[in-house]
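In C-alpha cells, the structure reads:
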C-alpha cells in the first residue's frame, strides 16, 4: 500500500528577480572565497586572481544551457524535474536516488562556520557553534521560502558590504605586480598550475544554478530566473577576482601561499574592521549558503517523493508550505557529521563520482530541449538557433568531462570502487522501481 501525504496549497509567484539573485549569489559565495585563494597562489602564483575569474567562466560553462532552459520551461523540482521530463522515467529514478547523498553538503558549512567563529572568539566551541548556526537556519526555512528569501537578501547585502570593504581598502595597499602578466611569479607553475587552480576554484563558482528550483515561486519565471542566473556571473567575477587581487597583491607571495584569507585581512584592516570583516565575510558567507542550501536540497527530493521514487509521506508540508520532514532529514545530515566529528572531506570524496554521474544525466537532458518542447523553445524570450544551443550543451559536457577526469586523478582506488558500486545501485533502482505502480510521474514542468 502506497503512502499518502496531505497536500498543502502552495503559495506561488512571490519571488522577485532580486530575491532569486540573492538566493543564487548567497548560495555560491561560501567558504571557498576565504580558504581556496591561498592554495591557488601556491599553484599559480600572482595569477590566482585571473584563475578565479577563469573559474567563474568555467563554472558557467558547466551549467551553460540552464538560462535558456529556464526561459522556456518552468521547473517545479529543479534538476530532477528537468531530467524526468527530458530523459524519461528510469533516468529520473536514477537521478532521484543519486541526488539524495549529496545533501551531506550542509555539513561542510556547519564545520566551516564553527571554525571561523572559533578563530574570531577562541572561547567559543566550534562544534556547538556550527550546530547552533544550522539549527537557526533550519528554523528559518521551516517558516517557508518567502521568509528564507527575505533573510537571504539581508545576509547578502551585509556580505557585499564586508567583502567590498576588504577589496577597496586592500586595493589601496597593493604592492605586488598583480597585473604584470610577464612577471616571473604570474604563472609560477606554467599552464598546468593555472589549470589546477581553476579546478580548485570551480566548485565555488556555480552554486547559483539553484535558482532554477524556484520555478513555481518566481513571479515571472521565464524572465526572472534566467536573468538572475546571468546577473550572478559578473557579480562573482568581480567579487572573487577582487578578493583574490588583494590576497595576492599586498603581502609577499611566500607569506600568503597556502594560507587562509584572514592572514591578509589582519594586515590591511585595523582590529575593529577585522572583526567586522570576519563577521560580515566568512560568517555571513557561510550563513547565506546554509540558509539557501536547506531549501535547495529539499525541492528536488520533494518532487521525487511525490512521484513515488521515495516514500510520498516524506514530502509532507507544514502550513507555511515547507517540506518539514525533508528539511529535518537535511538538518540531521548536516549536524550528525559535525556532532560525531566525521571527516567531511572523506564523505564528500566518496560521493564525488556519484555527483559527476548525476551531472551527466543532467547534460543528457539538456540536449533534448529543442525536440521535446519544440514549440515552447521557438517562443522562448531567449531563443537562439538549435546549433548555438547545442554548442552550449557541448560546452557543459566538455567542462564536466575535464572535471571528472581531474577528480578521478585525485581519488584513491577504494573510493572509486565504492563510487562505482553506488552508481550501479542507482541505475538498478531506477530500472526496477520504474515498473512499480507507486511511481506516477506528476507534471512538474510547465511551458506557460
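Residue numbers (our numbering): 14 to 461.
For every residue, glycine included, the Cβ atom is placed at its ideal position computed from N, Cα and C.
Boundaries of the alpha helix (DSSP H) in which residue i is found, first to last residue
{"i": "residue 126", "result": "118 to 133"}
{"i": "residue 259", "result": "234 to 262"}
{"i": "residue 420", "result": "399 to 423"}
{"i": "residue 25", "result": "Where residue 25 is concerned, there is no enclosing alpha helix (DSSP H), given that its DSSP letter is neither H nor E."}
{"i": "residue 189", "result": "Neither: residue 189 is in no alpha helix (DSSP H) and is coded neither H nor E."}
{"i": "residue 305", "result": "297 to 319"}
{"i": "residue 8", "result": "Here the chain has residues from 14 to 461 only, and residue 8 is not among them."}
{"i": "residue 345", "result": "337 to 352"}
Alpha-carbon to alpha-carbon, residue j and residue i
{"i": "residue 393", "j": "residue 165", "result": "29 Å"}
{"i": "residue 369", "j": "residue 113", "result": "14 Å"}
{"i": "residue 197", "j": "residue 425", "result": "34 Å"}
{"i": "residue 180", "j": "residue 256", "result": "6 Å"}
{"i": "residue 193", "j": "residue 262", "result": "11 Å"}
{"i": "residue 16", "j": "residue 183", "result": "For residue 16, the predicted model reports a pLDDT of 43, less than 50, meaning its position is unreliable; a value from the coordinates is still stated below. Straight-line Cα distance between these residues: approximately 57 Å."}
{"i": "residue 311", "j": "residue 177", "result": "32 Å"}
{"i": "residue 201", "j": "residue 57", "result": "5 Å"}
{"i": "residue 446", "j": "residue 439", "result": "10 Å"}
{"i": "residue 19", "j": "residue 147", "result": "With a pLDDT of 49 at residue 19, under the threshold of 50, the modelled position of this residue cannot be trusted; read the value that follows with caution. Whole-angstrom Cα-Cα distance: 27 Å."}
{"i": "residue 315", "j": "residue 321", "result": "10 Å"}
{"i": "residue 341", "j": "residue 158", "result": "15 Å"}
DSSP state of residue i mapped onto helix, strand, coil
{"i": "residue 279", "result": "helix"}
{"i": "residue 458", "result": "strand"}
{"i": "residue 231", "result": "strand"}
{"i": "residue 88", "result": "strand"}
{"i": "residue 380", "result": "coil"}
{"i": "residue 154", "result": "helix"}
{"i": "residue 453", "result": "coil"}
{"i": "residue 226", "result": "helix"}
{"i": "residue 14", "result": "Any reading at residue 14 needs caution, since the residue's pLDDT is 37, under 50, leaving its predicted position unreliable; the model's value is listed next. Three-state DSSP puts residue 14 in coil, outside helix and strand."}
{"i": "residue 432", "result": "helix"}
Nonlocal neighbours in the same chain, by C-beta distance under 6 Å from residue i, ignoring five residues either side
{"i": "residue 220", "result": "40 and 41"}
{"i": "residue 295", "result": "47 and 129"}
{"i": "residue 389", "result": "85 and 460"}
{"i": "residue 244", "result": "34"}
Distance CB(residue i)-CB(residue j) smaller than 9 Å
{"i": "residue 119", "j": "residue 347", "result": "yes"}
{"i": "residue 217", "j": "residue 253", "result": "yes"}
{"i": "residue 35", "j": "residue 231", "result": "no"}
{"i": "residue 106", "j": "residue 327", "result": "no"}
{"i": "residue 471", "j": "residue 64", "result": "Since the displayed the chain opens at 14 and closes at 461, residue 471 lies outside it and no answer follows."}
{"i": "residue 44", "j": "residue 210", "result": "no"}
{"i": "residue 374", "j": "residue 110", "result": "no"}
{"i": "residue 298", "j": "residue 74", "result": "no"}
{"i": "residue 351", "j": "residue 123", "result": "yes"}
Chain-order list of residues whose beta-carbon lies under 7 Å from that of residue i (same chain, five-residue window excluded)
{"i": "residue 293", "result": "171, 172, 174 and 175"}
{"i": "residue 30", "result": "237, 240 and 241"}
Residue i beta carbon near the ligand MN (any heavy atom closer than 8 Å)
{"i": "residue 229", "result": "In the structure shown, the ligand MN is absent, as is every other ligand, since no ligand is present at all."}
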